[in-house]
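Engineer: According to our numbering, the sequence shown is numbered sequentially starting from 61. Just so you know, even glycine gets a beta-carbon here, dropped at the ideal spot from N, CA and C.
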Amino acid sequence: MPSAVVLPTLGPTPPPGLPGAKCTIQQWHVEPGAWVSRGARLFSVATAQGLSEVVAEASGRLHVIAQSGATPNAGDVVAYLLAAGEQPPIQVGASAPVAAAIDLAAPDAAPLSVPLPVATTDTGRVSPAVKRLAVEHQIDLSAVSGSGLGGRVLRDDVVRAAQAGPPHATGGLAPANASAEALRSAREAGLTRDDDPMPSTEIAEPRLVPGQLVLSLEVDFTRAAALIGELEEVWAEHDRRPTPGHLVIRAVALALRGDPALLRASGQAEASGVRISFEFFDGGSLVSSTINDADALPLEALVSRLNAAGDGDATDPERFTIVDLGSRGIDAVTPVLPASSIASLGLGRVAQRPSFAGASGIERRAFLTLSLVTAPSIETAAAVDFLASLRQYLEQPARLLLA
Numbered sequence: 061m062p063s064a065v066v067l068p069t070l071g072p073t074p075p076p077g078l079p080g081a082k083c084t085i086q087q088w089h090v091e092p093g094a095w096v097s098r099g100a101r102l103f104s105v106a107t108a109q110g111l112s113e114v115v116a117e118a119s120g121r122l123h124v125i126a127q128s129g130a131t132p133n134a135g136d137v138v139a140y141l142l143a144a145g146e147q148p149p150i151q152v153g154a155s156a157p158v159a160a161a162i163d164l165a166a167p168d169a170a171p172l173s174v175p176l177p178v179a180t181t182d183t184g185r186v187s188p189a190v191k192r193l194a195v196e197h198q199i200d201l202s203a204v205s206g207s208g209l210g211g212r213v214l215r216d217d218v219v220r221a222a223q224a225g226p227p228h229a230t231g232g233l234a235p236a237n238a239s240a241e242a243l244r245s246a247r248e249a250g251l252t253r254d255d256d257p258m259p260s261t262e263i264a265e266p267r268l269v270p271g272q273l274v275l276s277l278e279v280d281f282t283r284a285a286a287l288i289g290e291l292e293e294v295w296a297e298h299d300r301r302p303t304p305g306h307l308v309i310r311a312v313a314l315a316l317r318g319d320p321a322l323l324r325a326s327g328q329a330e331a332s333g334v335r336i337s338f339e340f341f342d343g344g345s346l347v348s349s350t351i352n353d354a355d356a357l358p359l360e361a362l363v364s365r366l367n368a369a370g371d372g373d374a375t376d377p378e379r380f381t382i383v384d385l386g387s388r389g390i391d392a393v394t395p396v397l398p399a400s401s402i403a404s405l406g407l408g409r410v411a412q413r414p415s416f417a418g419a420s421g422i423e424r425r426a427f428l429t430l431s432l433v434t435a436p437s438i439e440t441a442a443a444v445d446f447l448a449s450l451r452q453y454l455e456q457p458a459r460l461l462l463a
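(1) Can you tell me whether DSSP reads P414 as helix, strand or coil?
(2) Let me check one thing: in DSSP terms, what residues is G406 bridge-paired to?
(3) Report buried or exposed for R424, applying the criterion of at least 16 other Cβ atoms within 10 angstroms of its Cβ.
(4) Quick one, which of P92, W88, Q86, P457 has its alpha-carbon nearest E290's?
(5) Below 8 Å, can you find three or more Cβ-Cβ pairs linking the segment 377 to 392 to the segment 82 to 98?
(6) For S276, I'd like the list of residues in its chain whose CB is within less than 6 Å of its CB, leaving aside the five on either flank, ordered along the chain.
(7) In whole angstroms, give me the CA-to-CA distance for G153 and V138.
(8) I199 by DSSP, collapsed to three states: which one?
(9) Would you call the segment 349 to 365 and the segment 388 to 408 in contact, with 3 or more CB pairs under 8 Å?
(10) Where does R98 sit, in a helix, a strand or coil, going by DSSP?
(11) Give every residue of the same chain whose Cβ lies closer than 6 Å to the Cβ of A435, excluding the five residues on either side of it in the sequence, and list them in chain order.
(12) With a threshold of 8 Å, establish whether the CB of L291 neighbours any heavy atom of the ligand HEM.
(13) By the three-class DSSP mapping on this structure, what secondary structure does V274 have?
(14) Identify, in the order they occur along the chain, each residue of the same chain with its Cβ nearer than 8 Å to the Cβ of Y453, setting aside the five sequence neighbours on each side.
(15) Between which two residues does the alpha helix (DSSP H) harbouring H306 extend?
(16) Classify V213 as helix, strand or coil using the three-state DSSP reduction.
(17) Can you tell me where the alpha helix (DSSP H) holding I288 begins and where it ends?
(18) According to DSSP, is T107 part of a helix, a strand, or is it coil?
(19) Measuring only the C-alpha atoms, how far is V396 from V433?
(20) My output table needs one value for S119: the three-state DSSP class, helix, strand or coil.
(21) So what does DSSP say about D136, is it helix, strand or coil?
(22) Run through DSSP, which three-state label would G250 get?
(23) Whole angstroms are fine: how far does the CA of R451 sit from the CA of A106?
(24) If I follow the unbroken alpha helix (DSSP H) through A448, where does it start and stop?
(25) State yes or no: is the C-beta of A443 within less than 9 Å of the C-beta of T429?
(26) Measuring alpha carbon to alpha carbon, tell me which residue in S63, E339, A419, D216 is nearest D117.
(27) Short check: CB of G129 to CB of L67, under 9 Å?
(28) Going along the chain, which residues of its own chain have a beta-carbon closer than 7 Å to the beta-carbon of R283, five neighbours each way excluded?
(29) Please name the residue in E293, R212, A354 whose C-alpha comes closest to that of V347.
(30) Mark A448 as exposed unless 16 or more other C-beta atoms lie within 10 angstroms of its C-beta, in which case mark it buried.
(31) Measure the C-alpha to C-alpha separation of S173 and P132 and round it to an integer number of angstroms.
(32) So, are the CB atoms of R409 and G389 less than 9 Å apart?
(33) Using only alpha-carbon positions, find the residue among R121, S104, F103, L111 that is nearest to V96.
(34) In this structure, how does DSSP classify A399 when only helix, strand and coil are distinguished?
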């Protein structure tokens, strides 16, 4: 199936219904028809804030839709990456030329009346996090108008329904309290932006509990990115699609198994296996998948489980939470620590930039920023040692393939 290359959101997120910042495709770095590997630079985009680079999230033959100089909106498909033998989808976007042809051929014709599609609510693909939020605040999802693609109900839709109270709410929460509770729960689940307001009836709570530790680390991801490209080719026939997040999950599981100081500090050392909650974007929504005994799964089995299962079992208490926003173009993420987690790790995008390589001079390398938030019970030394172990696994990625 062709993989769409979508223009990410660059600059501040616009209010609903309004277009984002104007973007211009400055230059394609790959010739149309050439083969592209995951992680390779595709094109540069110019905005009012400066020049940004967009990298390939899959491998394939490049089919360009928006040429250099085009000004697409965030979310528009600008190209496709095609597997061997694949053809690009038929584009249905020539409405302006068709309209002009009709106007020239029949200048006195009455205007065409085209019925607009009616928005529907897609409750079949609601993410587990949105479902939990709706259940907690007694929101009937079938009565909520979804603002996502195809009418899909998103987190913001549930929050608005809680704020509105009746007719969406099925319980007895007052609208003001529902608003506060919905926003607080969304914040605890790591689903809110920093600029989400609390209702005026309550005082905003701090995002971090006193005593929590926040550490950031930049990892050289060059060898790991190359490994992802190689595994994509090897696993292609089995529909395995490895991502940076998969490698990080494997590295976290091995680091916890090798030095379980974080588990001992939380009083959970007697429990068997390592449980990891992985939150990532699927389409336009943040979804969650819980992996039990993650340290016992080889990398290929882990990738297969996440690709096939998607939602997993998010009802059990989590040990370690990973939030991956790199696919949305976010540089770095400082996640909120859920109450049931001992630590939460945020992943940004894999960034390509020049780096000094000693006698070799300047070369382009890939970097990944990790941000770790730990519970107050975790000692600083244990958190620092854990990050050091995590760096070793990611900068020597062949170790991730070992049992």
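Structural biologist: Short version:
(1) Here P414 sits in strand by DSSP.
(2) DSSP, once it has assigned bridges, lists V383, S431 as partnering G406.
(3) Counting other Cβ atoms within 10 Å of its Cβ, R424 stays below 16 and is therefore classed as exposed.
(4) Out of P92, W88, Q86, P457, the CA that lies nearest to the CA of E290 is found in P457.
(5) Segments in contact, no.
(6) Excluding sequence positions up to five before and after S276, its CB lies within less than 6 Å of the CB of S431, all in the same chain and listed in chain order.
(7) In this prediction, G153 has a pLDDT of 46, which is less than 50 and means its spatial position is unreliable; nothing more can be read from the coordinates.
(8) I199 falls in the strand class under three-state DSSP.
(9) No, they do not touch.
(10) DSSP places R98 in coil when its eight states are reduced to three.
(11) Closer than 6 Å at Cβ, skipping near neighbours: I402.
(12) Among the components modelled here there is no ligand, and therefore nothing to report on the ligand HEM.
(13) Reduced to three states, the DSSP call for V274 is strand.
(14) The answer, listed in chain order, is R310, A311, L314, A315, R459, L460.
(15) It spans 304 to 318 - the alpha helix (DSSP H) in which H306 sits, taken as one unbroken run.
(16) Three-state result, V213: coil.
(17) Note, I288: alpha helix (DSSP H), 282 to 295.
(18) For T107, the three-state secondary structure derived from DSSP is strand.
(19) Here the alpha carbon of V396 sits roughly 8 Å from the alpha carbon of V433.
(20) Residue state, collapsed to three classes: coil.
(21) DSSP, read as helix, strand or coil, puts D136 in coil.
(22) For G250, the predicted structure reports a pLDDT of 48, less than 50, and the residue's modelled location is therefore unreliable. A value from the coordinates is still provided. Of the three classes helix, strand and coil, the one that applies to G250 here is coil, per DSSP.
(23) Going from the Cα of A106 to the Cα of R451 covers about 33 Å.
(24) Unbroken alpha helix (DSSP H) run through A448: 440 to 455.
(25) No, they are not a contact pair.
(26) According to the sequence displayed, residue 117 carries Glu and not Asp. The residue with the shortest Cα to Cα distance from E117 is S63.
(27) No. Outside cutoff.
(28) Same-chain partners within the cutoff: E455, P457.
(29) The shortest CA-to-CA distance from V347 to any of E293, R212, A354 is the one to R212.
(30) Flag for A448 reads exposed.
(31) Confidence in S173 is poor, its pLDDT being 46 and thus under 50, which makes the residue's placement too unreliable to answer from.
(32) Yes, these two residues count as a Cβ contact at 9 Å.
(33) Of R121, S104, F103, L111, the smallest CA-CA separation from V96 is found for R121.
(34) Coil.
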